[in-house]
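Contents: one structure, followed by commentary.
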Amino acid sequence: DGGITQSPKYLFRKEGQNVTLSCEQNLNHDAMYWYRQDPGQGLRLIYYSQIVNDFQKGDIAEGYSVSREKKESFPLTVTSAQKNPTAFYLCASSIDPRVKGSNEQYFGPGTRLTVT
Amino acid sequence: LAKTTQPISMDSYEGQEVNITCSHNNIATNDYITWYQQFPSQGPRFIIQGYKTKVTNEVASLFIPADRKSSTLSLPRVSLSDTAVYYCLVEEDSNYQLIWGAGTKLIIKP
Numbered sequence: 001d002g003g004i005t006q007s008p009k010y011l012f013r014k015e016g017q018n019v020t021l022s023c024e025q026n027l028n029h030d031a032m033y034w035y036r037q038d039p040g041q042g043l044r045l046i047y048y049s050q051i052v053n054d055f056q057k058g059d060i061a062e063g064y065s066v067s068r069e070k071k072e073s074f075p076l077t078v079t080s081a082q083k084n085p086t087a088f089y090l091c092a093s094s095i096d097p098r099v100k101g102s103n104e105q106y107f108g109p110g111t112r113l114t115v116t
Numbered sequence: 001l002a003k004t005t006q007p008i009s010m011d012s013y014e015g016q017e018v019n020i021t022c023s024h025n026n027i028a029t030n031d032y033i034t035w036y037q038q039f040p041s042q043g044p045r046f047i048i049q050g051y052k053t054k055v056t057n058e059v060a061s062l063f064i065p066a067d068r069k070s071s072t073l074s075l076p077r078v079s080l081s082d083t084a085v086y087y088c089l090v091e092e093d094s095n096y097q098l099i100w101g102a103g104t105k106l107i108i109k110p
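Going line by line, the protein sequences match chains A and B. Residue numbers for the first sequence follow my numbering, beginning at 1 and rising by one. Residue numbers for the second sequence follow my numbering, beginning at 1 and rising by one.
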């Protein structure tokens, strides 16, 4: 069953701790993305990766870090430098953003992070 | 850099056709427009993608006028289950920027 998975669904952390959110896809997609969504708000791009071992900052990368060592995996670390980390985090993947007209993004179910 | 603007919310009734418009100034010739649907506490789901004129699939149509300064998502004969937030997305070809709209909350009434 192909898809994109995120774990865990809910995550609780104390302020000052780094936390890593998992994102795995078995769709053989080249590109992967991380978004942040605050209550009642739209999607904001944190990081994206178009290919293994390469990633680019999105609009709100400060306080976050990523790695793309494998095609299937794109973990996001929320560091203690992120001032307001409590949010809903969404991971997505797409076939190849360089191929226009076929860049549908497939989203995971999301991870709700609460930092107190 | 393109900017996208959508209405914050819309209401309609079951069985009606719903049109949601997204304004996107400064869109370039090769930029694509995509629409997504999101239910609460879930990831968005792709609806339709277009480049110019009209695109239709089994769930929606997308109309893009010649000046490409806006696009309209059309949902035929909506049902209660179409209550969701709808996002437009402009993918800028020149620098691969993803410009998301703020979303339109669509409420379908019986």
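Backbone N, C-alpha and C fix where the C-beta goes; we use that ideal spot for every residue, glycine too.
Of the listed residues the options, nearest to residue i (C-alpha basis)
| i | options | result |
| --- | --- | --- |
| A:Lys100 | B:Ser61, B:Thr29, B:Ala2 | B:Thr29 |
| A:Lys71 | A:Lys14, A:Asn103, A:Gln50 | A:Gln50 |
| B:Ile8 | B:Tyr96, B:Glu91, B:Tyr86, B:Ile47 | B:Tyr86 |
| A:Ser25 | A:Ala92, A:Tyr64, A:Arg98 | In the sequence on display, residue 25 of chain A carries Gln and not Ser. Residue A:Ala92 is the option with its Cα nearest to A:Gln25. |
| A:Tyr89 | A:Glu69, A:Asp96, A:Ala31, A:Thr77 | A:Thr77 |
| B:Ser61 | B:Tyr51, B:Lys69, B:Gln97 | B:Tyr51 |
| A:Asn103 | B:Gly101, B:Thr56, B:Leu89 | B:Leu89 |
Nearest-angstrom beta carbon gap, residue j and residue i [assumed within contact, 8 Å]
| i | j | result |
| --- | --- | --- |
| A:Tyr106 | A:Leu27 | 6 Å |
| A:Ile108 | B:Gly103 | Note that residue 108 of chain A is Gly in the sequence shown, not Ile. Contact doesn't hold; Cβ gap of about 18 Å is too wide. |
| B:His24 | B:Ser74 | Not really, about 17 Å apart at Cβ, beyond 8 Å. |
| A:Thr79 | A:Asn18 | 5 Å |
| B:Val78 | B:Gln16 | 6 Å |
| A:Ala31 | A:Ile46 | With 8 Å as the limit, A:Ala31 and A:Ile46 do not qualify as a contact, their Cβ atoms being about 14 Å apart. |
| B:Ala66 | B:Ile27 | 12 Å between Cβ atoms; not a contact. |
| B:Gly101 | B:Thr34 | The Cβ separation is near 10 Å, so there is no contact. |
Cross-strand partners of residue i (DSSP beta bridge)
| i | result |
| --- | --- |
| A:Ala87 | A:Leu113 |
| B:Gly50 | B:Ile33 |
| B:Asp93 | Paired residues: none, contrary to the question. |
| B:His24 | B:Thr4 |
| A:Ser73 | A:Glu24, A:Lys70 |
| A:Thr5 | A:Glu24 |
Host beta strand (DSSP E) of residue i (start-end)
| i | result |
| --- | --- |
| B:Ser71 | 70-75 |
| B:Phe63 | 61-64 |
| A:Lys57 | 54-57 |
| A:Leu11 | 10-13 |
Min CB distance residue i to chain A below 8 Å
| i | result |
| --- | --- |
| B:Ser61 | no |
| B:Asn19 | no |
| B:Tyr32 | yes |
| B:Leu98 | yes |
Cutoff 8 Å: residue i Cβ touching any chain B Cβ
| i | result |
| --- | --- |
| A:Asn28 | no |
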